[in-house]
Amino acid sequence: MTEQERLMQCFAYVKGRISSKPKIALVLGSGLGRFASQIEVQETLSYNEIPNFPVSTVEGHEGRFVFGICDGVPVAVMQGRVHMYEGYTPQEAVLPIRLLHLLGAEILFLTNAAGGIQAGMQAGEFMLITDQISSFVPSPLRGANMDALGVRFPDMSKIYSERLNQIIRKIAVNGDIPLKEGVYLQTAGPAYESPAEIRMFRTLGADAVGMSTAIEAIAARHCGMEICGVSCISNLAAGISPHPLTHEEVKEAGDKAAPQFTLLVRSAIAEMGKLV
Ligand code: HPA
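Per the numbering used here, the sequence shown starts with residue 495, numbered consecutively.
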């Protein structure tokens with residue numbers, strides 16, 4: 495089966511299982527999955543119910559779609575994502591994103607936990623993603639182009655939407671939520687970085703580092719979705735942090751950030767709903 499056939503098979507299955515038509519898709523990162531409780535749920539669908547769908551195996555990632563209404567806006571939420579470090583190809587890791595596009599989502603709101611590199615950053619803060627570096631992971635667009643989704647050589651000069659960023663900035667100011675801005679760099683993981691790698695990434699212009707998101711954003715731009723992204727800085731990156739990094743620390747930071755994260759994302763979705 496080709497990747498395109500696999501995508502179309504997953505799409506046909508999900509389409510047959512749900513009645514809602516999402517306008518905005520939201521991907522919830524490590525420790526941020528509880529946001530799904532904000533939604534008037536219409537349907538939920540575990541990834542393992544969908545034949546041939548990549549399943550998330552990470553602790554702290556539920557692994558299901560939640561379809562419903564958030565402040566009047568039809569949304570599709572991914573409670574947990576799939577990562578390359580789980581053994582998936584980049585093409586497999588972005589299948590859910592393409593599926594959300596096929597289901598009708600026009601806006602994609604990406605969230606993640608990330609290590610902070612930018613000087614002055616603190617754990618627990620948020621960073622609005624203004625651009626990204628994906629050069630350390632293979633492209634999710636490798637292989638036969640899915641012409642029905644987008645062109646062979648898509649432009650990536652404005653991956654993150656300025657009008658969506660403006661909405662998020664305004665909400666952060668009004669809600670007194672500290673919001674940094676910067677460039678997200680994706681590694682393949684699953685090991686956290688060495689201090690020398692973090693020094694290199696800083697030199698290259700990265701402000702935060704994580705193991706997801708950039709390939710998802712590329713796939714979403716390829717198929718014409720409008721994108722925004724927020725990182726929860728769960729820890730200071732290796733060599734900046736005074737102690738070794740653990741997944742527990744990442745999940746705990748997500749728990750602590752949950753109330754402000756919920757406020758930021760929920761208010762943003764309400765505003766963004768007016769655009770679609
Ligand atoms: N590095 C990579 N990915 C991460 C980190 C980190 O420090 N924190 C959370 N996800």
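Even for Gly, the Cβ is constructed at its ideal location relative to N, Cα and C.
In three-state terms, what does DSSP make of residue i?
i    : result
Y686 : coil
L539 : strand
R528 : helix
P568 : strand
I623 : strand
A700 : coil
R592 : helix
I518 : strand
F559 : strand
L771 : Residue 771 is absent from the model: the chain starts at 495 and stops at 770.
Q680 : strand
L673 : strand
Could you compute how far the alpha carbon of residue i sits from the alpha carbon of residue j?
i    : j    : result
S543 : G557 : A quick correction: the sequence has Glu, not Ser, at residue 543. Roughly 10 Å separates the two Cα atoms.
I727 : A702 : 8 Å
G527 : S540 : 14 Å
E720 : Y579 : 26 Å
V535 : D749 : 22 Å
D649 : C717 : 11 Å
I591 : A613 : 32 Å
A747 : A642 : 40 Å
E710 : G562 : 22 Å
A714 : I692 : 27 Å
I665 : L758 : 6 Å
Q503 : P545 : 8 Å
E497 : L658 : 30 Å
Q573 : I671 : 23 Å
G669 : P738 : 33 Å
I601 : F695 : 29 Å
S513 : V521 : 20 Å
S628 : K652 : 14 Å
Please list the terminal residues of the continuous alpha helix (DSSP H) segment that includes residue i.
i    : result
G748 : H741 to M766
G510 : E497 to R511
K664 : E656 to N668
I721 : Counting along the chain, I721 falls outside any alpha helix (DSSP H), though it belongs to the beta strand (DSSP E) covering E720 to L730.
P584 : P584 to A587
H716 : A708 to H716
Can you tell me where the beta strand (DSSP E) with residue i in it begins and where it stops?
i    : result
E580 : Per DSSP, E580 belongs to no beta strand (DSSP E) and is neither H nor E.
A607 : I601 to G610
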